[in-house]
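Asks:
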Amino acid sequence: MNLDDFEYNFIDEIYHYAGLWERKSTCGIKIVEKPNTTIVISTDLYKENPGGSITEFVAELAMLICDSYKVDISNLTFINHIPEVKSSLEFYAEAFYRVSFDVQDGKLSNPDWHKMTREEIKAMVDL
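What follows is the structure, encoded as structure tokens:
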């Protein structure tokens with residue numbers, strides 16, 4: 663897969679993981695360290711992802727990424743990027759969501775989704 667195929671500034675690497683029902687899955691990730699938070703942007707890869715979508719597995723995926731990259735979950739800012747699919751249907755438009763979690767017993771749970779704009783994300787990560 664060529665990262666240039668996705669318009670990205672939002673992907674630094676491809677992350678492989680065992681997703682829902684242990685299916686091999688992939689997403690794009692970008693991790694940005696800030697003074698008071700670590701921003702993780704996960705990007706759905708559609709055809710390049712043999713597993714399920716990030717949406718179905720978001721709390722577990724965030725934990726896997728935090729464990730893999732030693733990100734403190736108490737300082738996590740998690741963004742889900744859904745790239746545009748060339749379609750006239752609004753459902754396939756690009757979207758960004760800041761996902762907040764409850765922290766219980768050292769695990770993330772109860773995702774809460776807040777829509778954001780591309781401009782807000784770019785300002786957040788200084789792109």
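Throughout the sequence shown, residue numbering follows this note's numbering, covering 663 to 789 in sequence.
Beta carbons: idealized from backbone N, C-alpha and C, even for Gly.
1) If we ignore side chains and look at the alpha-carbon of each, how far apart do G768 and N698 end up?
2) Are K696 and F672 touching if we call contact CB-CB under 7 Å?
3) For the pair the region 713-728 and the region 756-766, tell me if three or more CB-CB distances fall below 8 Å.
4) Name the two residues that bound the continuous alpha helix (DSSP H) containing Y731.
5) Which of the three DSSP states, helix, strand or coil, is assigned to A785?
6) Under three-state DSSP, which class holds T717?
7) For I676, which option in T700, T705, I701 has the closest C-alpha, if you only look at C-alpha atoms?
Replies: So, from the data block:
1) 19 Å
2) no
3) yes
4) 720-731
5) helix
6) helix
7) T705
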